[in-house]
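**Student:** What follows is a single structure, and I will ask about it in a moment.
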Amino acid sequence: MASVKTTLNRRSFLKVSALAGGGLMLGFNWACKPAPAASALKAMPESWYGINAFLKIGENGLVTIMSPNPEIGQNVKTSMPMIVAEELDVDWRDVVVEQAGLDTQSFRRQLAGGSQSIRQGWKGLRMAGATARRMLLEAAAQRLNVPVDELTTDAGIITHAGTGQSLGYGDVASEAASVTVPEEVELKDPKDFKIIGTTRKNVDALKIVTGEPLFGLDFHRDGMLIAMIEHAPAFGMKLKSLDATAAKAMPGITDVITIDAAPEGFDEQWSDVNAFPEKVVVLGRSTWEVMKAKKALVIEWEADSKLESTADHTEGMAGLLQSGRAEVARRDGNPEAAFQNAAQVIERTYSAPFLAHNTLEPMNFFADVKEDSAELVGPIQTPEFLRKSVSSILGLPEDKISIMMTRMGGGFGRRLYGNFGVEAAAISQAAKAPVKLVYTREDDMTQGTYRPAYQVIYRAALNEQNELIGFHVRGVGIHGSPVFANRFPAGTVDNYLAENLELDSNVSTGAWRAPRSNFIAGAEQSFLDEVAEAAGKDPIDFRLELFDRAIANPVGERNDYDAERYAGVLRLVREKANWGADMPGVHRGVSAYYCHNSYVAQVVDLVIEDNQPRVQKVWCAVDCGIVVNPGAARNQVEGGIVDGIGHAMYSALSFQEGRPVQRNFDSYRLIRQAEAPREIETFFIDNGIDPTGLGEPSLPPVSAALANAFAKATGTRLYDQPFSSNMEAVELSEPTG
Amino acid sequence: MALFNLTINGEQHQVDVVPDTPMLWVLREHLNLVGVKYGCGIAQCGACTIHLDGVAVRACSLPVSSIGDRAITTIEGLSPDGSHPLQQAWLEHDVPQCGYCQTGQIMNAAALLAKNPSPSDEEIDRAMQGNICRCGTYLRIKAAIKTAAAG
Ligand code: FES
Ligand code: FES
Numbered sequence: 040m041a042s043v044k045t046t047l048n049r050r051s052f053l054k055v056s057a058l059a060g061g062g063l064m065l066g067f068n069w070a071c072k073p074a075p076a077a078s079a080l081k082a083m084p085e086s087w088y089g090i091n092a093f094l095k096i097g098e099n100g101l102v103t104i105m106s107p108n109p110e111i112g113q114n115v116k117t118s119m120p121m122i123v124a125e126e127l128d129v130d131w132r133d134v135v136v137e138q139a140g141l142d143t144q145s146f147r148r149q150l151a152g153g154s155q156s157i158r159q160g161w162k163g164l165r166m167a168g169a170t171a172r173r174m175l176l177e178a179a180a181q182r183l184n185v186p187v188d189e190l191t192t193d194a195g196i197i198t199h200a201g202t203g204q205s206l207g208y209g210d211v212a213s214e215a216a217s218v219t220v221p222e223e224v225e226l227k228d229p230k231d232f233k234i235i236g237t238t239r240k241n242v243d244a245l246k247i248v249t250g251e252p253l254f255g256l257d258f259h260r261d262g263m264l265i266a267m268i269e270h271a272p273a274f275g276m277k278l279k280s281l282d283a284t285a286a287k288a289m290p291g292i293t294d295v296i297t298i299d300a301a302p303e304g305f306d307e308q309w310s311d312v313n314a315f316p317e318k319v320v321v322l323g324r325s326t327w328e329v330m331k332a333k334k335a336l337v338i339e340w341e342a343d344s345k346l347e348s349t350a351d352h353t354e355g356m357a358g359l360l361q362s363g364r365a366e367v368a369r370r371d372g373n374p375e376a377a378f379q380n381a382a383q384v385i386e387r388t389y390s391a392p393f394l395a396h397n398t399l400e401p402m403n404f405f406a407d408v409k410e411d412s413a414e415l416v417g418p419i420q421t422p423e424f425l426r427k428s429v430s431s432i433l434g435l436p437e438d439k440i441s442i443m444m445t446r447m448g449g450g451f452g453r454r455l456y457g458n459f460g461v462e463a464a465a466i467s468q469a470a471k472a473p474v475k476l477v478y479t480r481e482d483d484m485t486q487g488t489y490r491p492a493y494q495v496i497y498r499a500a501l502n503e504q505n506e507l508i509g510f511h512v513r514g515v516g517i518h519g520s521p522v523f524a525n526r527f528p529a530g531t532v533d534n535y536l537a538e539n540l541e542l543d544s545n546v547s548t549g550a551w552r553a554p555r556s557n558f559i560a561g562a563e564q565s566f567l568d569e570v571a572e573a574a575g576k577d578p579i580d581f582r583l584e585l586f587d588r589a590i591a592n593p594v595g596e597r598n599d600y601d602a603e604r605y606a607g608v609l610r611l612v613r614e615k616a617n618w619g620a621d622m623p624g625v626h627r628g629v630s631a632y633y634c635h636n637s638y639v640a641q642v643v644d645l646v647i648e649d650n651q652p653r654v655q656k657v658w659c660a661v662d663c664g665i666v667v668n669p670g671a672a673r674n675q676v677e678g679g680i681v682d683g684i685g686h687a688m689y690s691a692l693s694f695q696e697g698r699p700v701q702r703n704f705d706s707y708r709l710i711r712q713a714e715a716p717r718e719i720e721t722f723f724i725d726n727g728i729d730p731t732g733l734g735e736p737s738l739p740p741v742s743a744a745l746a747n748a749f750a751k752a753t754g755t756r757l758y759d760q761p762f763s764s765n766m767e768a769v770e771l772s773e774p775t776g
Numbered sequence: 010m011a012l013f014n015l016t017i018n019g020e021q022h023q024v025d026v027v028p029d030t031p032m033l034w035v036l037r038e039h040l041n042l043v044g045v046k047y048g049c050g051i052a053q054c055g056a057c058t059i060h061l062d063g064v065a066v067r068a069c070s071l072p073v074s075s076i077g078d079r080a081i082t083t084i085e086g087l088s089p090d091g092s093h094p095l096q097q098a099w100l101e102h103d104v105p106q107c108g109y110c111q112t113g114q115i116m117n118a119a120a121l122l123a124k125n126p127s128p129s130d131e132e133i134d135r136a137m138q139g140n141i142c143r144c145g146t147y148l149r150i151k152a153a154i155k156t157a158a159a160g
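As they're listed, the protein sequences go chains A and B. Taken in order, the first sequence gives residues 40 to 776; the numbers are from my numbering. Taken in order, the second sequence gives residues 10 to 160; the numbers are from my numbering.
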C-alpha cells in the first residue's frame with residue numbers, strides 16, 4: 040500500500056484526554072492552511088480558513104465527531120466528518136455527528152463560507168482521523184503485546200493476523216488517551232478510500248422531513264418575548280419621531296422601544312453592512328400580536344441623504360463606464376494599438392440588478408442578556424465575529440457571552456453579517472428579558488446587504504485571420520467592480536486591459552453566493568460566444584484554442600487559473616453532451632467558468648414550448664478534485680444551477696426614491712418548480728487532486744449557457760438581467776418542420 | 010382573546026388567542042408544532058403548508074377563527090415516525106439542502122398524491138408551483154414525488 044507520510048503540526052492537537060466514563064477524546068485543529076488565492080478571497084476574512092473539532096471514541100466503539108462550523112445547507116455536517124471517519128477507518132454507521140456551539144476555548148475559528156470548508160479542512164481532517172487510528176493501534180499493540188505494524192484495522196476492529204486476536208476501538212479507547220501523540224502519521228492512498236467518494240446521506244434528513252425543531256426560528260425559551268423591528272422605509276432616511284401610544288395599548292404588547300445597534304465606537308465586525316442600525320422595536324408575547332402592533336406604529340422618517348432610484352443607479356453606472364477615471368487592474372501589451380489595427384471590433388454591454396439573498400428562513404436570533412452574562416442562539420455563519428460585536432455593544436467581556444449555532448434555513452452569504460444578532464442582544468439588554476428577534480419577510484427583503492448592481496463593457500479585437508488580438512473589460516458596480524483582472528481570458532491574449540470603477544450609494548451591499556462571479560461569469564461567457572460567432576468558430580473550439588495558447592505560452596505571470604483543468608471540463612461536457620449532434624427543436628448554449636478553485640463547464644439544452652423557453656437539460660462537468668460525498672455534491676451543483684438560472688431569469692430588486700420596490704415574493708420573483716430545468720446531469724473529473732470548492736462554482740456560468748442557447752433559438756442576445764423581462768419582446772415560436 | 014377548539018393530527022386542542030391569529034402562529038407558538046414554517050406570510054412561498062380536511066392550505070393566511078370543526082393535519086401528523094411514502098422518498102433522494110422549505114413541500118405533495126396518485130410531470134409542476142425552494146432542490150422534489158407515487 041502506497042501511503043503518504045505527513046508531518047503533523049503539534050499545534051494541530053489541542054488536547055488529548057480520557058473521557059469521563061471511559062474512552063478517548065481528541066481536540067484537534069481541522070485546518071491546514073493552504074495559501075488562499077488572494078484575488079478569489081479578497082472580500083473574505085482570513086479567519087475563514089480554520090476550523091477544528093472534537094473526536095470522541097466511546098468504550099462502546101461509537102465515534103462522536105463534533106461539527107464545529109455552521110450548517111447552511113452545504114452539507115458539511117455530513118461531508119467533513121466523513122473525511123475523519125475515512126482515515127480513522129470506522130464504519131460510518133458507528134459515527135454520530137453533533138453540532139458544537141461557539142467555544143473558543145476548545146475550538147478556533149468556527150466559521151463557514153467561501154466554499155472553502157472541505158478544501159481548507161481536507162488535510163487536517165485526514166490527519167485527525169489517522170492520528171486517532173494510530174493511537175488506538177499503539178494501545179492495542181501494548182495490550183496484545185505485539186509489534187504495532189503487525190496490526191491492521193477495518194471498520195473499527197483492530198486485528199493481529201499472526202495470532203488471530205482482534206479488539207474493537209472501544210476496547211482500547213481509554214488506554215489510547217495516554218499514548219503520546221505521534222509525530223508522523225500515514226494517510227491512506229486515495230484508491231483505498233471506503234467512505235470518501237461514496238454517497239452518504241444528510242445526517243439531519245429525518246429531522247428535517249418530520250418537522251423537528253432545528254432552525255433558529257424554531258428556538259423557544261419559556262418566558263421569552265417576541266421582538267420585531269421597524270427600520271426606515273428608504274435608504275437615506277432616519278427616524279424623526281415616534282408615537283407608539285396605539286401600539287402599546289394593543290393586546291399582548293409589553294413595550295415599544297428604539298435601539299441603536301451601531302453606536303459611536305461600536306466594534307462592527309461583520310455586521311457593518313447594516314444600513315439601518317437605528318430601529319423601532321415592538322416587544323410582546325406572540326409573533327402575531329407584535330406583527331399587528333407594528334402596523335399601528337405612527338412613525339415619521341426624514342431624509343438625511345439622497346433618496347436614490349434605480350434610474351439613478353443605471354445612469355450613474357453607465358456614465359462612469361463611458362467616461363469615468365478607472366483603476367487599471369491589469370494591462371498586457373498594447374491594447375489601444377490592437378484595437379486600432381483590428382479587422383473587426385466587437386463591443387457589448389451587460390447589466391444586472393441588485394438581488395436580495397432571500398434565505399427562506401428570515402433573519403432571527405434569540406438573546407438573553409443578564410447583568411453579567413449573555414446567551415445567544417440562532418442562525419449565524421460567523422459566530423466569532425458576532426460575539427465580538429455583541430461584546431462591544433453590551434459592554435460585557437467575550438468570555439461571558441455564549442453563542443449556539445442552529446441549523447440555518449439558507450445563507451447564500453447573508454448570514455455572514457450578524458447585525459440581527461447584535462440587535463437581539465441590544466433589545467434583550469434594554470428590555471431586561473429574554474427575546475427572540477424575528478424579521479418579517481418584508482423587513483428581511485428591504486434591509487439591504489444586497490448583491491451589488493453591476494454593469495460591464497467588453498470589447499474584443501479580431502485580426503484578418505479571426506484571431507483574438509485584443510481584449511478589454513471595464514466594469515462598474517454598487518459597490519465594487521465585478522471584474523477579476525487575472526482570470527480567463529487574461530493570459531490568452533497579447534493585448535489585454537482590465538479596468539475597475541465603483542459607484543457610491545447609500546444602498547448597502549454584501550457577499551451573495553459566488554460574489555462578483557455570479558454576474559461576471561455570465562457576461563464574459565455570453566460575450567465570448569458572440570466573439571466566437573463573429574470569428575466563425577464553434578464556441579467550444581474557440582475557447583479551447585485560447586486555452587491551448589495559455590498552456591503553451593501564457594501571457595503574463597499572474598493568471599489565476601489552470602488552463603489544462605479549464606479545458607478539461609469543456610472537453611468532458613462536449614463529449615458527454617454530444618455537442619454538435621443534430622437535435623431538432625433543441626437549442627444549445629455552452630459556458631465555462633472558474634471560481635473557488637474549481638472548474639465548471641455547462642451545456643444548456645433549451646426548447647420552446649407554448650411559446651415559452653424551457654430548459655430541457657443542463658449538462659455539467661465539474662473539476663473540484665476529489666469528491667468527498669458524490670450524492671451531496673450533485674445536490675449542491677444542481678442547486679447552484681437552479682439558483683443561477685432563476686436569478687438571471689426572474690429576480691431583481693429596484694428602488695423608487697430610496698424605497699425597495701419589491702418587498703415580498705408577490706413582487707420579487709424567484710424560480711419555481713415549473714421553471715426549473717427538467718434534468719441536470721453532472722459529471723465529475725476524476726483526477727485525485729485534493730478537493731476544492733463546490734457550494735458556489737456551478738452557479739456563475741449557467742446564465743451564459745442559457746443566454747447563448749436562447750440566442751441560438753431566437754437570434755436575440757440577452758444582455759440585461761433579469762432576462763425574462765427582455766424575453767417578452769422576442770417572438771417565440773416552436774420550430775416548424 | 011377567544012377560545013378555539015381545534016382538531017389537529019387527530020387530537021383535540023384548545024387555544025386562547027386573538028381570533029384573527031393565523032394558524033401558522035397558533036401551531037408554532039401555542040401548540041409547539043414547529044414543522045410548519047414562516048417564509049412570507051402572504052401565501053406566496055408554501056413553507057407553511059398544512060392540510061385542512063385533506064386539502065393543502067397556507068397556514069399563514071388562515072385565521073384560527075375560520076377553521077371551525079375541520080380537521081387539521083401538520084407534518085408532525087403526516088406519519089408518527091417519518092414513514093409516510095413521501096418522507097421515505099425524500100430520504101431516499103436526499104432532497105434537502107438547508108431543509109427549511111421541505112415540510113411545506115412534503116405537505117403539498119401529500120395533498121397532490123391523495124387527489125392524483127400518479128401525477129404527470131406537468132401536473133407536478135402545476136401543483137408544486139406555489140412552494141418555493143430557495144436552495145433549488147426542485148428536481149429532487151419532483152423525483153421523490155414520482156418515487157412515492159410509483160411505490
Ligand atoms: S409563509 Fe405561508 S405561504 Fe409563505
Ligand atoms: S432546501 Fe433550502 S429552501 Fe428548500
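Don't be surprised by glycine CBs; every beta carbon is placed ideally from N, CA and C. Here the structure is a predicted model, which means the values were calculated and not measured.
Would A:D231 and A:T192 qualify as a contact pair, given that the criterion is a beta-carbon distance under 8 Å?
**Tutor:** Against the first sequence, residue 231 of chain A aligns to sequence position 192. Against the first sequence, residue 192 of chain A aligns to sequence position 153. Going by C-beta atoms, A:D231 is not nearer than 8 Å to A:T192.
**Student:** Would you mind sorting A:C71 into buried or exposed? The rule is 16 or more other CB atoms within 10 Å of its CB.
**Tutor:** The residue given as residue 71 of chain A occupies position 32 in the first sequence. With a pLDDT of 37 at A:C71, under the threshold of 50, the modelled position of this residue cannot be trusted; read the value that follows with caution. It is buried - the Cβ of A:C71 has at least 16 other Cβ atoms within 10 Å.
**Student:** Can you name the residues of chain A whose CB is closer than 8 Å to the CB of B:Y23?
**Tutor:** Walking along the second sequence from the start, residue 23 of chain B turns up at place 14. Before going further, note that residue 23 of chain B is Gln rather than Tyr in the sequence given. Residues of chain A passing the Cβ test: none, with the nearest at roughly 16 Å.
**Student:** Hey, B:Q96 and B:C144: beta-carbon distance below 8 Å or not?
**Tutor:** The residue labelled residue 96 of chain B in the question sits at position 87 within the second sequence. The residue labelled residue 144 of chain B in the question sits at position 135 within the second sequence. Not a contact, by the Cβ cut-off of 8 Å.
**Student:** Short of 6 Å in beta carbon distance, which residues of its chain neighbour A:A750, apart from the five on each side in sequence? Order them along the chain.
**Tutor:** Mapped onto the first sequence, residue 750 of chain A falls at position 711. The answer, listed in chain order, is R756.
**Student:** When you measure from the CB of A:Y689 to every non-hydrogen atom of ligand 4, does any distance come out below 7 Å?
**Tutor:** No copy of ligand 4 occurs in the structure displayed; its ligands are ligand 1 and ligand 2 alone.
**Student:** Along the chain, where does the alpha helix (DSSP H) that runs through B:N117 open and close?
**Tutor:** The residue labelled residue 117 of chain B in the question sits at position 108 within the second sequence. Counting along the chain, the alpha helix (DSSP H) containing B:N117 begins and ends at Q111 to K124.
**Student:** With DSSP run on the structure shown, which of helix, strand or coil describes A:V741?
**Tutor:** As a working note, residue 741 of chain A is residue 702 in the first sequence. Three-state DSSP puts A:V741 in a helix.
**Student:** Helix, strand or coil for A:A671? Go by DSSP, reduced to three states.
**Tutor:** Taking the first sequence and counting its residues from 1, the one referred to as residue 671 of chain A is at position 632. Correct three-state label for A:A671: helix.
**Student:** At which residues does the alpha helix (DSSP H) containing A:H199 begin and terminate?
**Tutor:** Taking the first residue of the first sequence as 1, we reach residue 199 of chain A at position 160. Careful: A:H199 lies outside any alpha helix (DSSP H), inside the beta strand (DSSP E) at I196 to H199.
**Student:** Straight-line CA distance for B:G86 to A:Q138?
**Tutor:** Position 77 of the second sequence, counting from 1, holds the residue named residue 86 of chain B. Position 99 of the first sequence, counting from 1, holds the residue named residue 138 of chain A. Distance between the alpha carbons of B:G86 and A:Q138: 27 Å.
**Student:** Run down chain A in chain order and give the residues with a C-beta less than 7 Å from the C-beta of B:T30.
**Tutor:** The residue given as residue 30 of chain B occupies position 21 in the second sequence. Simply W327.
**Student:** Using the C-alpha atoms, what's the distance from B:Y109 back to A:N674?
**Tutor:** In the first sequence, the residue the question calls residue 674 of chain A occupies position 635. In the second sequence, the residue the question calls residue 109 of chain B occupies position 100. Roughly 15 Å between the two C-alpha positions.
**Student:** Quick check on B:Q138 - is its C-beta less than 8 Å from some C-beta in chain A?
**Tutor:** Along the second sequence, read from residue 1 onward, the residue named residue 138 of chain B stands at position 129. Chain A contact via Cβ: present.
**Student:** When the Cα atoms are used, what is the spatial distance from A:V248 to B:H39?
**Tutor:** In the first sequence, residue 248 of chain A corresponds to position 209, counting from 1. In the second sequence, residue 39 of chain B corresponds to position 30, counting from 1. The straight-line gap from Cα to Cα measures roughly 22 Å.
**Student:** Below 8 Å between beta carbons: does that hold for A:F305 and A:S431?
**Tutor:** Working through the first sequence from its first residue, we reach residue 305 of chain A at position 266. Working through the first sequence from its first residue, we reach residue 431 of chain A at position 392. Against a cut-off of 8 Å, the Cβ pair of A:S431 and A:F305 comes out as a contact.
**Student:** Might you give, ordered along the chain, the residues of its own chain that have their beta carbon closer than 6 Å to the beta carbon of A:M402, omitting 5 neighbours on each side?
**Tutor:** Stepping through the first sequence from its first residue, residue 402 of chain A is reached at position 363. Excluding sequence neighbours, A:M402 sits near F459, Y478 and D483.
**Student:** Applying the criterion that 16 or more other CB atoms from any shown protein chain within 10 Å of the CB defines a buried residue, is A:M40 buried or exposed?
**Tutor:** On the first sequence, residue 40 of chain A is found 1 positions in, with the first residue counted as 1. Annotation note: pLDDT 35 at A:M40 (below 50); position unreliable, coordinate value reported separately. Exposed: under 16 other Cβ atoms inside 10 Å.
**Student:** Please state whether DSSP places B:N14 in a helix, a strand or coil.
**Tutor:** Taking the first residue of the second sequence as position 1, residue 14 of chain B is located at position 5. Here B:N14 sits in strand by DSSP.
**Student:** Among the residues of its own chain, which have a CB less than 6 Å from the CB of A:S441, if the five just before and after it don't count?
**Tutor:** Position 402 of the first sequence, counted from the first residue, corresponds to residue 441 of chain A. Around A:S441: E414.
**Student:** Please report the distance separating the alpha-carbon of A:G31 from that of A:R182.
**Tutor:** Residue 31 of chain A is absent from the model: chain A starts at 40 and stops at 776.
**Student:** Taking 8 Å as the CB-CB cut-off, is B:R149 touching chain A?
**Tutor:** Within the second sequence, the letter at position 140 stands for residue 149 of chain B. Chain A contact via Cβ: present.
**Student:** Give the DSSP-derived three-state secondary structure of A:N557 in the structure shown.
**Tutor:** Here residue 557 of chain A refers to the residue found at position 518 when the first sequence is read from its first residue. Of the three classes helix, strand and coil, the one that applies to A:N557 here is helix, per DSSP.
**Student:** With A:Y208 as the anchor, note down where its alpha helix (DSSP H) starts and where it stops.
**Tutor:** Along the first sequence, read from residue 1 onward, the residue named residue 208 of chain A stands at position 169. Residues Y208 to A215.
**Student:** Evaluate the contact criterion for the stretch 373–383 of chain A versus the stretch 507–515 of chain A: three or more CB pairs, one atom per stretch, below 8 Å.
**Tutor:** Result yes; three or more Cβ-Cβ pairs closer than 8 Å.
**Student:** Select from the stretch 391–414 of chain A all residues with a C-beta closer than 9 Å to any C-beta belonging to chain C, and list them in chain order.
**Tutor:** Chain labels in this structure do not include chain C; the protein chains are A and B.
**Student:** Check whether the Cβ atoms of A:L245 and A:A169 sit closer than 8 Å, and answer yes or no.
**Tutor:** Position 206 of the first sequence, counting from 1, holds the residue named residue 245 of chain A. Position 130 of the first sequence, counting from 1, holds the residue named residue 169 of chain A. Not in contact: A:L245 and A:A169 (Cβ atoms no closer than 8 Å).
**Student:** Taking buried to mean at least 16 other C-beta atoms within 10 Å of its own C-beta, is A:V546 buried or exposed?
**Tutor:** In the first sequence, counting from the first residue as 1, residue 546 of chain A sits at position 507. By the 10 Å Cβ count, A:V546 comes out buried.
**Student:** Alpha carbon to alpha carbon, how far is A:D299 from A:E720? Give it in angstroms, no decimals.
**Tutor:** The residue you call residue 720 of chain A lines up with position 681 of the first sequence. The residue you call residue 299 of chain A lines up with position 260 of the first sequence. In a straight line, the C-alpha of A:E720 is about 49 Å away from that of A:D299.
**Student:** For ligand 2, is there a heavy atom less than 7 Å away from the beta-carbon of B:P105?
**Tutor:** Translated into the one-based positions of the second sequence, residue 105 of chain B becomes position 96. Checking every heavy atom of ligand 2 against the Cβ of B:P105, one is found closer than 7 Å.
**Student:** Can the beta-carbon of A:E328 be found less than 8 Å from the beta-carbon of A:P290?
**Tutor:** Translated into positions along the first sequence, residue 328 of chain A becomes position 289. Translated into positions along the first sequence, residue 290 of chain A becomes position 251. Yes, the pair counts as a contact, with Cβ atoms nearer than the cut-off.
**Student:** Can you tell me where the alpha helix (DSSP H) with A:I247 in it begins and where it stops?
**Tutor:** Here residue 247 of chain A corresponds to residue number 208 of the first sequence, with the count starting at 1. Element bounds for A:I247: A244 to T249.
**Student:** What number of angstroms, rounded off, separates the C-alpha of A:N313 from the C-alpha of A:L476?
**Tutor:** Within the first sequence, residue 313 of chain A is the residue found at index 274, counting from 1. Within the first sequence, residue 476 of chain A is the residue found at index 437, counting from 1. Answer to the nearest angstrom: the Cα atoms are 16 Å apart.
**Student:** Please list, in chain order, the chain B residues whose beta carbon lies closer than 7 Å to that of A:F254.
**Tutor:** The residue labelled residue 254 of chain A in the question sits at position 215 within the first sequence. Going along chain B in sequence order, the residues near A:F254 (Cβ under 7 Å) are Y109.
**Student:** Does the distance from the C-beta atom of A:A550 to that of A:G452 stay below 8 Å?
**Tutor:** Locating residue 550 of chain A in the first sequence gives position 511, counting from the first residue. Locating residue 452 of chain A in the first sequence gives position 413, counting from the first residue. Cβ distance < 8 Å, so A:A550 and A:G452 count as in contact.
**Student:** So, with DSSP's three-state summary, where would you put B:W34?
**Tutor:** Stepping through the second sequence from its first residue, residue 34 of chain B is reached at position 25. Three-state DSSP puts B:W34 in a helix.
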